[in-house]
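First comes the structure, then the notes that go with it.
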Amino acid sequence: MPELPEVQALVDFLAERVVGLAVTGVELGSFSVLKTFDPPPQSLTGVPVDAVSRHGKFVDLDCDGVHLIFHLARAGWLRWSDALPDTVLRPGKSPIALRARFSDGSGFDLTEAGTKKRLAAYLVRDPDAVPGIASLGPDPLSPDFTREAFGELLHGRRSQIKGLIRDQGFIAGIGNAYSDEILHVAKMSPFALASSLSPEDVDRLYAAMQDTLSAAVAAASGKPAKELKDAKRAGMRVHGRTGETCPVCGDVVREVSFADSSLQYCATCQTGGKPLADRRMSRLLK
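Okay, so the sequence shown: first residue is 0 according to numbering that gives the first Met the number 0, each after it adds one.
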């Protein structure tokens, strides 16, 4: 799933290409991808794109006060073309969920792999009309998100820290991959309780979050949309690297599996050398 750094790179990529152009069409390859009905897609025809911005993992094209917003979910992606084909997109006839066309002939397709169709698009007059945006927590790279603000958010929370920092209602934009990376940099167990963290732990976690996300945004900046997935994978220290060597201490990167996801960590760096119980593998071995 694209997370804050990749989504920001997509925003920058689109802003360079579409701000100042007019929308010439929004076509649906899947009726279910559009979660709103008013205004209709036809209302964007001929309307200029004023800005492209990010809300957590949502991309927002502001078209003269009407917002085309999309969330790529786990398996969605944006495919850019400098010259889109003239063929009109037909619902149910293509893996493309949505196509947006612009006045210079360019445009993008939103595609989604797999059978679980979670990619979502919205046409709204106010971004807060999108439920996922209205409930977002603070952006971790906002100037207002200080160490003190982070400490106040953590105060009294008894949740495990990995689940908490990837909760979009707590902090916007961090998912499974970057939560693994942040916790590895912070030398912290993913199962540590937020309420158990000392002030020094919070200092370390906040610094790891800022450094990891800022570095990932910088690394993704300027890359074409088609290169962002590979660049994200290449930049990971522990996430997706089960069985490989930890780049910090040389221990093996371990994994804990869940029903539909997994986390990766280094026991030496993060848990005092103690492997975490992998409950799913334990059940398989019985």
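We put the beta carbon where it would ideally sit given N, CA and C, even for glycine.
Taking just the CA atoms, how far does D85 sit from I164? 44 Å
Where do the N-terminal and C-terminal ends of the alpha helix (DSSP H) with E111 fall, by residue? It is not in any alpha helix (DSSP H) - E111 instead sits in the beta strand (DSSP E) that spans G106 to E111.
Give the secondary structure of T86 by DSSP, where H, G and I count as helix, E and B as strand, and everything else as coil. coil
Going by beta carbon distance, what residues of the same chain come within less than 6 Å of P94, once the five residues before and after it are set aside? T110
I'd like to know whether the C-beta atoms of H70 and A119 end up nearer to each other than 7 Å. yes
Take S188 as the anchor and find which of H66, L13, E254 and A82 has the nearest alpha-carbon. E254
DSSP state of S197 mapped onto helix, strand, coil: coil
Could you check where the beta strand (DSSP E) with C265 kicks off and where it finishes? S261 to C265
If you drop the 5 nearest sequence neighbours on each side, which residues of the same chain put their C-beta closer than 7 Å to that of G106? S80, L83, R98, A99 and R100
Beta-carbon spacing of T44, S102 below 7 Å: no
Where in the segment 18-104 do unbroken runs of the beta strand (DSSP E), each at least 3 residues long, occur, reported from the N-terminal end onward? 22-27, 50-54, 57-62, 65-70, 75-80 and 95-101
Identify the continuous beta strand (DSSP E) that holds E254 and give its terminal residues. V252 to S256
For a quick check, are the C-beta atoms of L20 and L212 less than 7 Å apart? no
Anyone know if the C-beta pair for V237 and V252 falls short of 7 Å? yes
Looking only at its own chain, which residues have a Cβ that is under 6 Å from the Cβ of V18, when we skip the five neighbours before and after it? V48
Have a look at G172, D108, G91 and P198 and flag the residue whose alpha-carbon is nearest the alpha-carbon of V25. D108
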